[in-house]
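Participant: Numbering (my numbering), first residue to last: 5 to 97. The beta carbon of each residue, even a glycine, is placed where N, CA and C say it ideally should be.
(1) May I ask you to list the residues that DSSP assigns as paired with residue 47?
(2) Apart from the five residues on each side of it in sequence, which residues of its chain come closer than 6 angstroms, Cβ to Cβ, to residue 85?
(3) Enumerate in chain order the residues of its own chain whose CB-to-CB distance from residue 35 is below 7 angstroms, with the five nearest sequence positions on each side excluded.
(4) So, is residue 10 buried or exposed, given that buried needs 16 or more other C-beta atoms within 10 angstroms?
(5) Does the separation of the CB atoms of residue 92 and residue 56 fall below 8 angstroms?
(6) Let me know the secondary structure DSSP gives residue 84 once reduced to three states.
(7) Can you find the residues in the same chain that come closer than 6 angstroms, C-beta to C-beta, to residue 47, ignoring five residues on each side of it along the sequence?
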């Protein structure tokens, strides 16, 4: 499974793709220059139970670390991943 990242000036998204099919999408909005808010995570029902949502959150964490950014997880799913995964909390705002 591949995670694609599309970013523009005010918002962007991480998209999980497998065999040309969109498995999931996680959207975010910028909150200033150094923070972004994860606002929605959606997984295609055909891919449920395969960790698609978590993979997208981890891709966002990796992006934040590489670019010295912070994340505000307003999306309940993303927040639950941060709550359960201590080693990624360094990027929380």
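Facilitator: On the basis of the data shown:
(1) 28
(2) 58 and 61
(3) 41 and 76
(4) exposed
(5) no
(6) helix
(7) 28, 56 and 57
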